[in-house]
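All remarks here apply to the structure that follows.
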Amino acid sequence: DTFYITKEILMRTQTSPMQARTLEKHDFSQGPLKMISPGVVYRRDTDDPTHSHQFHQVEGIVIDKHITMADLKGTLELVAHELFGDRFDIRLRPSYFPFTEPSVEADITCFNCGGKGCAVCKYTGWIEVLGAGMVHPNVLEMAGVDAEVYG
């Protein structure tokens with residue numbers, strides 16, 4: 008999945024390393040952690056209507072006391088409607104990512120067929136637009152954050 012320039016240098020495949028650095032430095036006595044990390048990323052992908060070897064990725068994180076999956080769901084729905092408009096439906100599917108628990112993938116109604124099914128959406132009516140999840144308790148603990156209090 009990675010583009011190597013040399014044996015030691017590679018093109019960025021994720022924007023997520025910013026999360027760990029920011030989490031380690033944040034002083035929670037000063038309030039919650041809220042961060043967005045946009046960037047261009049590169050992957051050895053075959054280009055098709057829904058994949059590209061280069062794309063923009065936006066990583067977001069909110070860590071505060073008593074944040075729940077309901078907060079994440081509401082945020083994802085709000086962002087999807089702001090980005091794609093109200094004519095698209097959004098659905099969340101259970102998924103797996105090693106650094107989140109629980110994890111979801113978000114799909115929107117296919118922009119090409121309006122949800123009827125076509126070659127672009129592989130006849131499902133849906134286009135995957137993002138992956139998300141609650142920061143895994145192990146990640147919080149490794150950064151010195153009490154996973155029983157913060158989420």
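8 is the number of the first residue of the sequence shown in this note's numbering; add one for each residue after it.
Where is the CB? At the ideal position from N, CA and C, for every residue including glycine.
Please return the same chain residues whose Cβ sits closer than 8 Å to the Cβ of residue i, not counting the five positions on each side in sequence.
i    : result
Y103 : S110
D54  : H60
Specify, as a first and last residue, the run of the alpha helix (DSSP H) that residue i falls within.
i    : result
T29  : P24 to K32
F91  : M76 to F91
M149 : P144 to M149
Please work out which residues of its chain come closer than 6 Å, Cβ to Cβ, to residue i, disregarding the five sequence neighbours upstream and downstream, and give them in chain order.
i    : result
Y11  : L17
C128 : C117 and I134
E66  : T22, S23 and S44
L40  : H33 and I70
E161 : The chain is shown only over 8 to 158; residue 161 falls outside these bounds and no answer can be derived.
T75  : none
By alpha-carbon positions, which one of the options ends up nearest to residue i?
i    : options                : result
M141 : D78, W133 and K123     : D78
V146 : D8, T29 and R19        : T29
T9   : G38, R50, L40 and L90  : R50
A27  : M42, G38 and T13       : M42
D93  : R100, E84 and M149     : E84
T57  : M76, A126 and E15      : A126
R100 : V136, V86 and I68      : V136
G46  : G122, V86, M25 and M76 : M25
Quick one: using the 10 Å Cβ neighbour count with 16 as the cut-off for buried, is residue i buried or exposed?
i    : result
F62  : exposed
F95  : buried
L90  : exposed
G151 : exposed
G121 : exposed
G38  : exposed
Under 6 Å: does the beta carbon of residue i sit that close to some heavy atom of the ligand COA?
i   : result
H88 : Looking for the ligand COA in the displayed structure turns up nothing, as the structure carries no ligands at all.
Note down, in chain order, each residue of its chain lying with its Cβ closer than 7 Å to the Cβ of residue i, except the 5 sequence neighbours on either side.
i    : result
V156 : K72
Y130 : G124
Tell me where the beta strand (DSSP E) around residue i begins and ends.
i    : result
Y49  : L40 to Y49
K127 : The displayed chain sequence assigns Val, not Lys, to residue 127. Run containing V127: none; DSSP gives neither H nor E here.
S59  : No beta strand (DSSP E) holds S59; DSSP gives it neither H nor E.
T53  : Neither: T53 is in no beta strand (DSSP E) and is coded neither H nor E.
I97  : I97 to S102
T6   : Here the chain covers residues 8 to 158 and nothing more, so residue 6 does not appear.
V111 : T107 to T116
Rounded to whole angstroms, how far is the Cβ of residue i from the Cβ of residue j, which I believe are closer than 8 Å?
i    : j    : result
T107 : H143 : 6 Å
W133 : D153 : The pair is not a contact, with the Cβ atoms about 38 Å apart (cut-off 8 Å).
E112 : G138 : 5 Å
T20  : V48  : 6 Å
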